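A.B. asks: Residue numbers (my numbering): 112 to 569.
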């Protein structure tokens with residue numbers, strides 16, 4: 112049951128323009144292609160190189176087939192860690208606007224009460240709303256999804272969990288986190304399967320009404336525990352740690368297929384817009400030691416190759432991720448190479464379903480539907496802004512092909528100099544041009560400072 116906070120209701124009277132890539136406000140033409148249903152799938156810690164359509168080593172047949180009938184987003188940015196990306200996904204705003212610069216203590220609430228969320232947007236237009244999976248925006252029951260626009264929620268309030276005991280971090284006071292509609296439950300089964308079962312059930316139970324279904328998987332975050340059949344599917348990988356990680360990816364891919372099969376079985380596939388993304392880049396060689404697992408020292412052998420960097424970093428490997436958007440019969444298969452950000456999905460989906468607001472919701476995202484639908488091919492330049500860390504240790508901004516970044520060590524008092532990269536000529540960030548182009552660095556640094564001035568304190 113959705114628990115309504117009236118704070119945001121005042122924004123539902125008349126339309127606020129949502130700027131799009133074409134430069135116009137969202138129009139009735141956009142609303143004319145309104146999807147009956149939307150399914151938003153978010154993988155956890157899935158690296159750039161960890162899907163079959165990027166790397167033939169990986170066994171992801173469901174995602175590969177889906178990508179072949181989708182618009183593949185080749186430059187889809189997220190935040191470099193779990194909670195910040197979830198803030199951006201739910202609000203259409205950079206997480207630093209709320210002071211959610213990184214993964215703070217798991218019991219903290221990431222969003223103020225009354226924050227307008229993606230679920231609120233859909234609920235205002237008559238959609239039923241459900242979350243099946245990992246919330247990670249506040250671990251207390253009173254901070255759960257049902258307080259932020261969801262009619263139904265299931266999974267973990269906290270972050271990654273033991274795949275079979277469904278507990279969060281061995282040392283956490285919020286270790287018990289598995290719930291259904293904010294009541295703790297104990298159920299047997301692998302977390303990836305349980306989340307999928309709930310999502311499939313929701314689709315069948317609500318096939319006769321419009322719905323928004325958000326499926327943030329726990330996979331493929333550590334700890335990694337997989338059935339033999341998924342290991343066998345990846346027997347071609349000799350490294351045992353990499354094989355186990357690949358098995359987790361194949362398992363998640365199989366579950367994506369089950370969700371697609373439910374849409375097919377209910378006759379809803381052609382009426383459903385599907386978005387798939389990872390929440391951040393892979394956490395390369397990350398230990399799962401703080402989680403319950405048979406081998407607590409197990410490493411996560413994921414990969415962002417050929418991109419530089421990893422989760423929690425603002426190099427491309429930390430925040431450029433596999434992503435696609437699918438709507439059979441409406442979106443022609445293809446690719447979009449322009450830089451997009453996960454903050455774009457709230458204003459884009461709001462425009463598609465005709466959401467109207469009387470006050471500016473201060474979205475940082477844009478309506479990218481004209482670009483995704485092929486209505487425009489040369490989008491205007493934009494800023495992609497990222498900041499991470501309790502003390503803002505890692506900062507970046509991209510404008511057009513140009514990107515500056517700096518990454519300060521945790522024990523350093525002052526930030527290092529900005530690095531500068533031309534991502535068109537140097538997509539793997541191998542040639543720092545800062546010394547050769549100080550004027551460009553200064554220009555981008557000024558734009559970064561203007562964005563940072565809009566942020567709340569961590």
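All C-beta atoms, glycine included, are put in the ideal place defined by N, C-alpha and C.
Only a predicted model underlies this, so the values are computations on that prediction, with no experimental measurement involved.
Rounded to whole angstroms, what is the Cα-Cα separation between residue 395 and residue 319?
C.D. replies: Locating residue 395 in the chain shown gives position 284, counting from the first residue. Locating residue 319 in the chain shown gives position 208, counting from the first residue. Straight-line Cα distance between these residues: approximately 43 Å.
A.B. asks: Taking just the CA atoms, how far does residue 380 sit from residue 440?
C.D. replies: Numbered from 1 along the chain shown, position 329 holds the residue referred to as residue 440. Numbered from 1 along the chain shown, position 269 holds the residue referred to as residue 380. Within the model, the alpha-carbon separation for residue 440 versus residue 380 is close to 10 Å.
A.B. asks: Could you tell me how far apart the beta carbons of residue 375 and residue 173 are, in whole angstroms, since I believe they sit closer than 8 Å?
C.D. replies: Here residue 375 corresponds to residue number 264 of the chain shown, with the count starting at 1. Here residue 173 corresponds to residue number 62 of the chain shown, with the count starting at 1. About 12 Å separates the two Cβ atoms, so there is no contact after all.
A.B. asks: So, using beta-carbon positions, are residue 452 and residue 387 closer together than 9 Å?
C.D. replies: Numbered from 1 along the chain shown, position 341 holds the residue referred to as residue 452. Numbered from 1 along the chain shown, position 276 holds the residue referred to as residue 387. No. Outside cutoff.
A.B. asks: By DSSP, does residue 369 sit in helix, in strand, or in coil?
C.D. replies: Taking the first residue of the chain shown as 1, we reach residue 369 at position 258. It is helical.
A.B. asks: Going by DSSP, what residue range makes up the alpha helix (DSSP H) through residue 428?
C.D. replies: Against the chain shown, residue 428 aligns to sequence position 317. That run of the alpha helix (DSSP H) goes 427-430.
A.B. asks: Under 9 Å between the Cβ atoms of residue 414 and residue 257?
C.D. replies: The residue labelled residue 414 in the question sits at position 303 within the chain shown. The residue labelled residue 257 in the question sits at position 146 within the chain shown. Not closer than 9 Å, so no.
A.B. asks: Can you tell which of 416, 200, 561 has the C-alpha that lies nearest to the C-alpha of residue 460?
C.D. replies: By 1-based counting over the chain shown, the position of residue 460 is 349. Checking every option, the nearest Cα to that of residue 460 belongs to 200.
A.B. asks: Going by DSSP in three states, residue 207 sits in which element: helix, strand or coil?
C.D. replies: Here the question's residue 207 lines up with position 96 in the chain shown. Residue state for residue 207 is assigned as helix, using DSSP reduced to three classes.
A.B. asks: Helix, strand or coil for residue 241 per DSSP?
C.D. replies: Residue 241 sits at position 130 when you count from the first residue of the chain shown. Strand, per DSSP.
A.B. asks: Got a sec, what are the start and stop residues for the beta strand (DSSP E) residue 290 sits in?
C.D. replies: Taking the chain shown and counting its residues from 1, one reaches residue 290 at position 179. Where residue 290 is concerned, the enclosing beta strand (DSSP E) stretches over 289-291.
A.B. asks: Ignore the nearest five residues each way along the sequence and tell me which others in residue 350's own chain have a CB closer than 7 Å to its CB.
C.D. replies: Along the chain shown, one-based indexing puts residue 350 at 239. 412.
A.B. asks: Rounded to whole angstroms, what's the CA-CA distance from residue 466 to residue 457? Just pull it up for me.
C.D. replies: The count along the chain shown starts at 1 and reaches residue 466 at position 355. The count along the chain shown starts at 1 and reaches residue 457 at position 346. So the alpha carbons of these two residues sit roughly 10 Å apart.
A.B. asks: Among the candidates 346, 529, 295, whose CA atom is the shortest distance from the CA of residue 425?
C.D. replies: Looking up residue 425 in the chain shown gives position 314. Minimum Cα distance to residue 425 is reached at 529.
A.B. asks: Just list the alpha helix (DSSP H) runs in the region 416-481, keeping only unbroken ones of 4 residues or longer that don't cross its boundaries, in chain order.
C.D. replies: Given a length threshold of 4 residues, each whole run of the alpha helix (DSSP H) inside the region 416-481 is given here in chain order: 427-430, 456-464.
A.B. asks: Since residue 234 contacts residue 266 with CB under 8 Å, what's their CB separation in whole angstroms?
C.D. replies: As a position in the chain shown, residue 234 is number 123, starting the count at 1. As a position in the chain shown, residue 266 is number 155, starting the count at 1. Actually they are not in contact, since the Cβ atoms of residue 234 and residue 266 sit about 19 Å apart, beyond 8 Å.
A.B. asks: Nearest to residue 504 by alpha carbon, out of 489, 496, 522, 290?
C.D. replies: By one-based count along the chain shown, residue 504 stands at place 393. Cα-wise, what sits closest to residue 504 is 522.
A.B. asks: Could you please give the first and the last residue of the uninterrupted alpha helix (DSSP H) stretch that includes residue 325?
C.D. replies: Translated into the one-based positions of the chain shown, residue 325 becomes position 214. Careful: residue 325 lies outside any alpha helix (DSSP H), inside the beta strand (DSSP E) at 322-327.
A.B. asks: Sorted by chain position, which residues of the same chain lie with C-beta nearer than 6 Å to residue 562's C-beta, five sequence neighbours on each side aside?
C.D. replies: Taking the chain shown and counting its residues from 1, the one referred to as residue 562 is at position 451. Answer for residue 562: 496, listed in chain order.
A.B. asks: Hey, is the region 355-374 in contact with the region 145-154, meaning 3+ C-beta pairs nearer than 8 Å?
C.D. replies: yes
A.B. asks: Three or more C-beta pairs closer than 8 Å, one from the region 551-558 and one from the region 482-490: is that the case here?
C.D. replies: no
A.B. asks: Go ahead and label residue 192 buried or exposed: buried means 16 or more other beta carbons lie within 10 angstroms of its beta carbon, across all protein chains shown.
C.D. replies: Here the question's residue 192 lines up with position 81 in the chain shown. The residue is buried, with at least 16 neighbouring Cβ atoms inside 10 Å.
A.B. asks: If distances are taken between C-alpha atoms only, which option among 498, 547, 432 comes closest to residue 186?
C.D. replies: Reading the chain shown from its first residue, position 75 is the one you call residue 186. Nearest of 498, 547, 432 to residue 186, Cα basis: 432.
A.B. asks: What is the DSSP secondary structure of residue 518, counted as helix, strand or coil?
C.D. replies: Against the chain shown, residue 518 aligns to sequence position 407. Correct three-state label for residue 518: strand.
A.B. asks: If we count the other Cβ atoms within 10 Å of its Cβ and call it buried at 16 or more, is residue 182 buried or exposed?
C.D. replies: As a position in the chain shown, residue 182 is number 71, starting the count at 1. Residue 182 comes out buried.
A.B. asks: Taking the C-alpha atoms as reference points, what is the distance between residue 117 and residue 227?
C.D. replies: Along the chain shown, read from residue 1 onward, the residue named residue 117 stands at position 6. Along the chain shown, read from residue 1 onward, the residue named residue 227 stands at position 116. The predicted position of residue 117 is uncertain, since its pLDDT is 42 and thus under 50; no value can be drawn from it.
A.B. asks: Look up residue 533 in the DSSP assignment and say whether it is helix, strand or coil.
C.D. replies: To locate residue 533, count along the chain shown from 1; it is residue 422. If DSSP states are grouped into helix, strand and coil, residue 533 belongs with the strands.
A.B. asks: Label residue 295 either buried or exposed according to how many other C-beta atoms from any shown protein chain fall within 10 Å of its C-beta, with 16 as the threshold for buried.
C.D. replies: Here residue 295 corresponds to residue number 184 of the chain shown, with the count starting at 1. Per the 10 Å Cβ criterion, exposed.
A.B. asks: Would residue 464 and residue 232 qualify as a contact pair, given that the criterion is a beta-carbon distance under 9 Å?
C.D. replies: The residue labelled residue 464 in the question sits at position 353 within the chain shown. The residue labelled residue 232 in the question sits at position 121 within the chain shown. Yes, the Cβ-Cβ distance between residue 464 and residue 232 is below 9 Å.
A.B. asks: Starting from residue 506, trace the alpha helix (DSSP H) in both directions and tell me its first and last residue.
C.D. replies: As a working mapping, residue 506 is identified with position 395 in the chain shown. Segment 505-510 is the beta strand (DSSP E) holding residue 506; no alpha helix (DSSP H) there.
A.B. asks: Are the beta-carbon atoms of residue 338 and residue 358 separated by less than 9 Å?
C.D. replies: Within the chain shown, numbered from 1, the residue matching residue 338 stands at position 227. Within the chain shown, numbered from 1, the residue matching residue 358 stands at position 247. Cβ atoms of residue 338 and residue 358: closer than 9 Å.
A.B. asks: Where does residue 221 land, buried or exposed, given buried means 16+ other C-beta within 10 angstroms?
C.D. replies: Looking up residue 221 in the chain shown gives position 110. Its Cβ being crowded by 16 or more others within 10 Å, residue 221 is buried.
A.B. asks: Could you tell me which residues DSSP pairs with residue 151 in its beta bridges?
C.D. replies: Here residue 151 is taken as the residue at index 40 of the chain shown, counted from 1. According to the DSSP secondary-structure assignment, residue 151 is paired through a beta bridge with 325, 386.
A.B. asks: Closer than 7 Å by C-beta to residue 316: which residues in its own chain qualify, once you throw out the five before and the five after it? Chain order, please.
C.D. replies: Residue numbering aside, residue 316 sits at position 205 when the chain shown is read from its first letter. The answer is none, since no qualifying residue turns up.
A.B. asks: From the DSSP output, in three-state form, read off residue 164 for me.
C.D. replies: Along the chain shown, one-based indexing puts residue 164 at 53. Residue 164 falls in the coil class under three-state DSSP.
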